[in-house]
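Accompanying notes for the structure given below.
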DNA sequence: CCTGAAACCTGTCTGC
DNA sequence: TGCAGACAGGTTTCAG
């Protein structure tokens, strides 16, 4: 479900409210309850529950696809939504969502619920967030992320460009949807070897990545099924999920293939296949 | 270093 | 209608 834009929209809603989601910044946690033990990656579920009471959520941020809760005393909660995770703020009194895996009860009577049908999502509660986030590549929307940085990350890599865009060590936050959209916008075939890209092509890819991610955020993400009323980007996808349909740019039929075990959508005319 | 397969899970949709 | 199979926005681990 969530890639960088979706996680960013959730982080903003939790930080400052809006779109019906109430902010949790500044809230104090009364208790934590783990309903599916494997949801907690660190520490043990029992320790997780006993460490929460009394802690304040000082701020909310994002790093790659990780949601980051800054707590007092140097503690951090890191949340990865993986495929189907979702965060909901609701009154303590009402019924939990169907796939609630963990929740935090706040002093003010609200409850932050982690709902996750497929159970892939993970939480960490730690004083050493770098141990979890340290391997991540640069933030694509950070001013420090320039075409030169992207070129350096791809230098000497013979893997297919699509696979590298999905590799969080190369670049943090891009997932299957935005990778396909960016490659189409840049006119690059997903099977191109990274090392074969020219400087101009890397710059085009850099521009395309930033554009699709920013547009995703501006439209509140691609998904439609969580707390904030988002998801408008879904109507703006140019290749993802459109195989068999007509390319808006050139009229050719969008095709689909498998790259790095992921469905990959592209336009055979806009994104010419490498000679190789 | 690179690729592919499998595993972790549940829900939904498609085709027969 | 029923049921098998494919597929899903992610990541880790392992084999070759």
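Numbering (this note's numbering), first residue to last: 65 to 340. Glycine included, C-beta positions come from ideal geometry on N, C-alpha and C.
Reduced DSSP category for residue i - H, G, I as helix; E, B as strand; rest coil
i           : result
residue 328 : strand
residue 196 : helix
residue 293 : Reliability fails at residue 293, whose pLDDT of 44 lies under 50, so the model's placement of it is uncertain and the value that follows must be treated cautiously. DSSP places residue 293 in coil when its eight states are reduced to three.
residue 172 : coil
residue 158 : coil
residue 316 : coil
residue 333 : coil
residue 286 : coil
residue 274 : helix
residue 269 : helix
residue 165 : strand
Sequence-distant residues of its chain with Cβ nearer than 7 Å to residue i (five each side left out)
i           : result
residue 267 : 211
residue 283 : 296, 297 and 300
residue 328 : 226, 244, 254, 320, 321 and 322
residue 106 : 188, 189 and 190
Same chain only: Cβ atoms within 6 Å of residue i, ignoring 5 sequence neighbours per side
i           : result
residue 233 : 199 and 201
residue 246 : 272, 273 and 276
residue 116 : 93 and 96
residue 165 : 99, 100, 103, 178 and 180
residue 141 : 133 and 189
residue 214 : 266 and 270
residue 173 : 156
Limits of the unbroken alpha helix (DSSP H) element including residue i
i           : result
residue 73  : 68–80
residue 343 : Absent from the model: residue 343. The displayed extent of the chain is 65 to 340, so no value can be given.
residue 319 : No alpha helix (DSSP H) holds residue 319; the beta strand (DSSP E) holding it covers 319–323.
Boundaries (first-last residue) of the beta strand (DSSP E) holding residue i
i           : result
residue 111 : Run containing residue 111: none in the beta strand (DSSP E); it sits in the alpha helix (DSSP H), 109–115.
residue 89  : No beta strand (DSSP E) contains residue 89, which DSSP labels as neither H nor E.
residue 134 : 130–135
residue 339 : Residue 339 -> no beta strand (DSSP E), and no H or E assigned at all.
residue 189 : 186–190
residue 125 : 121–127
residue 104 : 104–106
Other residues of its chain near residue i: CB distance less than 8 Å, five sequence neighbours each side excluded
i           : result
residue 338 : 253, 255, 256, 257 and 260
residue 119 : 92, 93, 135, 136, 137 and 139
residue 149 : 65, 66, 143, 178, 179, 180, 184 and 185
residue 316 : 310, 331, 332, 333 and 334
residue 324 : 224, 226, 227 and 230
Next on the checklist: Across the segment 215–235 and the segment 246–265, are there enough close Cβ pairs to call them in contact, namely three or more that are closer than 8 Å?
Outcome noted: yes
Next on the checklist: Runs of 4 residues minimum, wholly inside the segment 199–264: which ones carry the alpha helix (DSSP H) assignment?
Outcome noted: 211–218, 225–230 and 240–250
Checklist entry - Are the segment 171–189 and the segment 225–232 in contact at 8 Å, needing three or more beta carbon pairs? => result no
Next on the checklist: Tell me whether the segment 180–191 and the segment 109–127 touch, counting them as touching only if at least three CB pairs, one residue from each stretch, are closer than 8 Å.
Outcome noted: yes
Next on the checklist: If contact is defined by three or more beta carbon pairs under 8 Å, each pair taking one atom from either stretch, is the segment 116–131 in contact with the segment 139–152?
Outcome noted: yes
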